[in-house]
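With my numbering applied, the sequence shown covers 43 to 148. For reference, the structure is listed below as structure tokens.
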Amino acid sequence: MIAPKQLADFQKFLELNDLKSKVIVEDLAKLIREKEINDPRKLVRPGRVLQRDDAGWNNYGARMGEYYSYNEIVDWMKRIEAQNPHLVRVFSIGKTAEKREIYGIK
43 MIAPKQLADF QKFLELNDLK SKVIVEDLAK LIREKEINDP RKLVRPGRVL QRDDAGWNNY
103 GARMGEYYSY NEIVDWMKRI EAQNPHLVRV FSIGKTAEKR EIYGIK
């Protein structure tokens, strides 16, 4: 899977290394949405009806099923903490290989 902004560099890399490629899925987000819509198990759980897009998530600036960068996810966690300081705490559980903090939310 290649981000659109990296596609030209990736294609150049393939060409320079005489590698062939094949696009299997043109729009992965669309495919995931279609599969979720057609999967009734995603909508109902015992004693509770679930929504595909829980409105509560949007209060914090994120939608389920979308892809977010590391920084966007960290910002999202911090927004939840800021809006619920009596309930939520963001904390570091270590560092990635790139020396970025790995955050948890409690």
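Think of the CB as a built atom: it goes at the ideal place given N, C-alpha and C, for glycine as much as any other residue.
Query: Sequence-distant residues of the same chain with beta carbon closer than 6 Å to Ala124, five excluded per side; Result: none
Query: Contact under 8 Å by Cβ, Ser63 with Leu73; Result: no
Query: Local conformation of Glu68 per DSSP, three classes; Result: coil
Query: CB contact flag (Ser134, Glu143, <8 Å); Result: yes
Query: Tyr110 in three-state terms, based on DSSP; Result: coil
Query: Extent of the continuous beta strand (DSSP E) to which Lys137 belongs; Result: Val132 to Lys137
Query: Enclosing alpha helix (DSSP H) for Glu143 [first to last residue]; Result: First-last for Glu143: Glu143 to Ile147, but that is the beta strand (DSSP E), not the alpha helix (DSSP H).
Query: Whether Tyr145 touches Val132 by CB criterion (8 Å); Result: yes
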